[in-house]
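Sequence lines, in order, name chains W and H. For the first sequence, this note's numbering begins at 15 and goes up steadily by one. For the second sequence, this note's numbering begins at 15 and goes up steadily by one. Working notes, structure below.
Number of protein chains: 2
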Amino acid sequence: MVTIEDVARHAGVATSTVSYALSGKRSISEQTRQRVERAVEELGYRPHAGARALASARTNTLGLMLPLRPGVDVRVVMEFVTGIVTRARAFDHDVLLVTQAEDAALERLAHGRMVDALILMDVEAADSRLARAAALGSPTILIGLPDDPQGLQCVDFDFAAAARLAVRHLSDLGHTSIGLIGPPPSVVERGTTFAERLLAGFHGGAERLGLTAHVELTPPTHAGALAAVEALRRLDETPTALIVHNEAALPSVVDSLQMHGVRIPADVSLVAICPADVAQSQSQPITFIDIPAESIGAVAVEMAMARLDRPDAPVETRLLRPTLSEGSSTAPRLTP
Amino acid sequence: MVTIEDVARHAGVATSTVSYALSGKRSISEQTRQRVERAVEELGYRPHAGARALASARTNTLGLMLPLRPGVDVRVVMEFVTGIVTRARAFDHDVLLVTQAEDAALERLAHGRMVDALILMDVEAADSRLARAAALGSPTILIGLPDDPQGLQCVDFDFAAAARLAVRHLSDLGHTSIGLIGPPPSVVERGTTFAERLLAGFHGGAERLGLTAHVELTPPTHAGALAAVEALRRLDETPTALIVHNEAALPSVVDSLQMHGVRIPADVSLVAICPADVAQSQSQPITFIDIPAESIGAVAVEMAMARLDRPDAPVETRLLRPTLSEGSSTAPRLTP
DNA sequence: GTGAAAGCGCTAACAT
DNA sequence: ATGTTAGCGCTTTCAC
């Protein structure tokens, strides 16, 4: 193995000079820097990660705890992972993966000095991991918005604002009765706060604008989507606009409307709140509000890095603002 | 931070005794072992991963290179990841994630002594990573079966055997004309060898049994599935049995047959080759051959571990054998 | 069965 | 601007 001493000898300098030339932590004459770099190149030197971690108390590794329970949408999980890994590399960090299933994983990573910081995905309203994470002393970022963050940093999509934005868009088009095809009941029961926040935004927005609002929590199955659509159509004041916050059900909802001979957007306007690629893979261009999972992951990494730089910076929660992309699934309400 | 010296002092023994008591690498009297364990417990000691890696040349970490390119089925990717992480933990190893997108990732992990072994997912027929991986000197396991494994270990599902098994099952039921709804053309073009192997098994099996065989490479879209089904039904000798190896298209194929008034299995028998959960989420219980992604991941880890134990053990390729689970989508052919 | 001590390869004072 | 050196916390000889 090529060590820093080999490089120093080869370049005719001290080991510390090599270290500093590589880290840039003190000024080095251009000449020696070049000699060092050449030596590194010629010998194919790579710093030993363990040695570096031992000496510097920095691992350049981030711990990521993934949910692998049934019922989570793996496409979204992968988007988070992509955003996290990509952004971490930009900060010269790697990502160590652990699963929710392993009980002592957080302690192992933090106390064993395997990672500089932790990112927890899929945080619920009352999450038993939080108290333990807060006790670790490692910078920890939560993806999600628990009832009590216990002093930890949070990042998430602003689901309430997304719902309000969707409602306002439809209201502006003249719709006065709006249906929401919501997430599965199981998601709500599980205590995932994004569902609550979305519902709060939906009801709050509708009330403020004087609209009639109906909600159908919808299992992510074809039959579930069908039933939800039918339930909404059976109402006295049948909604002329639909908000779909359920990526699994979206295709079935569209199908189901077509089956009933309901035209989009002539008879019903439709706004989806889902990852952009889901909306864009529909046969008709859907008006949608993107759930930017990859960006959320990237922001989580940035927050972790900021915390490592300035450990006593104020703790904050960041909520990513929604944007609506217009497709051909929304139109002004036809006055009857 | 609690160090091994703290533990030694607390237990009244030498640091080496603590180390050995914990690793079991030399015999320790029952009494001192207990004293050490108590001290570990009381102080909450966790070995420093970097220090351990530096001293022992072992990181207890596995590197996993994931494909994040568009077009890979993320559900299957997540199944691999689950199998790998879970099995790695059983061997007291963690998993470090890198993406295909980063060019020098393999060298970084291996030469920087960040991992003990590497697992490469989604290996293609002619994969540029292989030569570089072979040059690393780290144990490397390939998931997939390239044309030239360059001396590296491989593990994959036996797609050829799966196709033969499906063909034989249908032949045994009296079917003489079989259609294959295959993977997207893009997958075949990309040089993913599983598609080739499946096609070879399909044609070989059909020929040996004297059956008529037709293939439709099928984009993973509703329209693609529809077109494929219609193409097969337009043939002179319309197939009375279908093999679907395209998890994205499976639901659409089933829908499309229903739309045409084709009953399963009365008019057409259907065998799917796909992950079990995809088959089981259909409304009708489909006869299927599972693609056991999680098991493949677990086996990859086992191969890596075996190699670390015995670095000069013979290199092998492991192909997981298919099993067919009967549902209600296959039935004897009605003799006209 | 146990202890003492020499590194593992690096960083970061402390020198000059 | 560069060199010297004392650790970081652990494993593993070597010695008893």
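Idealized CB from N, CA, C, for every residue including glycine.
Beta-carbon separation (whole angstroms), residue i vs residue j, contact threshold 8 Å
| i | j | result |
| --- | --- | --- |
| I300 (chain W) | I257 (chain W) | Not confirmed; about 11 Å, so no contact. |
| P336 (chain H) | D172 (chain H) | 6 Å |
| I310 (chain H) | V112 (chain H) | Between V112 (chain H) and I310 (chain H) the Cβ distance is about 19 Å, and since that is not below 8 Å, they are no contact. |
| V16 (chain H) | V32 (chain H) | That pair is no contact at about 11 Å. |
| E116 (chain W) | L150 (chain W) | That pair is no contact at about 15 Å. |
| G215 (chain W) | A242 (chain W) | Not quite, the Cβ-Cβ distance comes to about 19 Å (not below 8 Å), so this is no contact. |
| I192 (chain W) | L213 (chain W) | At roughly 13 Å, the Cβ-Cβ gap does not stay under 8 Å, so I192 (chain W) and L213 (chain W) are not in contact. |
| L132 (chain H) | G77 (chain H) | 4 Å |
Residue interval of the beta strand (DSSP E) (run including residue i)
| i | result |
| --- | --- |
| D304 (chain W) | 301-304 |
| A255 (chain W) | 255-258 |
| G311 (chain W) | Careful: G311 (chain W) lies outside any beta strand (DSSP E), inside the alpha helix (DSSP H) at 307-323. |
| T113 (chain W) | 108-113 |
| V8 (chain H) | Since the displayed chain H opens at 15 and closes at 350, residue 8 (chain H) lies outside it and no answer follows. |
| E230 (chain W) | 226-231 |
| Q167 (chain W) | 167-171 |
| L80 (chain W) | 75-80 |
| I157 (chain H) | 154-157 |
| R332 (chain H) | 331-334 |
Which listed residue (the options) has its alpha carbon closest to that of residue i
| i | options | result |
| --- | --- | --- |
| P197 (chain W) | W:A239, W:D186, W:E221, W:I157 | W:A239 |
| R146 (chain W) | W:A71, W:D172, W:A119 | W:A119 |
| D87 (chain W) | W:V292, W:D141, W:G77 | W:V292 |
| R83 (chain W) | W:L348, W:D136, W:E44 | W:D136 |
| E56 (chain H) | H:A65, H:T75, H:A25 | H:A25 |
| E138 (chain H) | H:R60, H:F208, H:A177 | H:F208 |
| P328 (chain W) | W:A318, W:D141, W:E340, W:R347 | W:A318 |
| T190 (chain W) | W:L166, W:H217, W:A227 | W:A227 |
| R52 (chain W) | W:A67, W:A65, W:A35, W:L68 | W:A35 |
| T73 (chain H) | W:G126, W:S37, W:D106, W:V50 | W:G126 |
| M128 (chain W) | H:L110, H:T344, H:A63 | H:A63 |
| G58 (chain W) | W:D20, W:L159, W:S297 | W:D20 |
| I157 (chain W) | W:L134, W:S142, W:A174, W:L110 | W:L134 |
| H107 (chain H) | H:G85, H:E316, H:S343 | H:E316 |
| F105 (chain H) | H:H236, H:L123, H:T75 | H:T75 |
Cβ-based neighbour list, residue i, same chain, cut-off 8 Å, excluding 5 preceding and 5 following
| i | result |
| --- | --- |
| V282 (chain W) | P253, T254, A255, L256, L271, V276 |
| L338 (chain H) | L179, A180, H183, V285, T301, F302, I303 |
| Q164 (chain H) | L144, A145, A147, A148 |
| D161 (chain H) | A139, A140, T207 |
| R347 (chain H) | L187, G188, H189, T190, T254, A255, S283 |
| A312 (chain W) | G97, I98, T100, R101 |
Residue-level contact to chain H via CB, residue i, 8 Å cutoff
| i | result |
| --- | --- |
| E10 (chain W) | Because residue 10 (chain W) is not part of the residues shown, which for chain W are 15 to 350, the question remains open. |
| A63 (chain W) | yes |
| T154 (chain W) | no |
| T73 (chain W) | yes |
| V99 (chain W) | yes |
| M92 (chain W) | yes |
| A209 (chain W) | no |
| L14 (chain W) | Residue 14 (chain W) falls outside the range modelled here, since chain W spans only 15 to 350, and no answer is possible. |
| L212 (chain W) | no |
| T113 (chain W) | yes |
Residues of its chain near residue i, where Cβ-Cβ distance is below 7 Å and the 5 sequence neighbours each way are ignored
| i | result |
| --- | --- |
| A307 (chain H) | V90, E93, F94, G97, P289 |
| L231 (chain H) | G196, P197, P198, P199, V202 |
Cβ-based neighbour list, residue i, same chain, cut-off 6 Å, excluding 5 preceding and 5 following
| i | result |
| --- | --- |
| R321 (chain W) | P153 |
| P279 (chain H) | S343, T344, A345 |
is_contact[residue i, chain W] using C-beta, thresh 8 Å
| i | result |
| --- | --- |
| L256 (chain H) | no |
| E116 (chain H) | yes |
| H259 (chain H) | no |
| G126 (chain H) | yes |
| D172 (chain H) | no |
| L246 (chain H) | no |
| L264 (chain H) | no |
| M79 (chain H) | no |
| D108 (chain H) | yes |
| R103 (chain H) | yes |
| V88 (chain H) | yes |
Where the alpha helix (DSSP H) through residue i begins and ends
| i | result |
| --- | --- |
| L144 (chain W) | 142-150 |
| A4 (chain W) | The shown model of chain W, from 15 to 350, leaves out residue 4 (chain W), and the question about it has no answer. |
| S41 (chain H) | Per DSSP, S41 (chain H) belongs to no alpha helix (DSSP H) and is neither H nor E. |
| S191 (chain W) | Counting along the chain, S191 (chain W) falls outside any alpha helix (DSSP H), though it belongs to the beta strand (DSSP E) covering 191-196. |
| R222 (chain H) | 207-222 |
| R247 (chain H) | 236-247 |
| S266 (chain W) | 264-273 |
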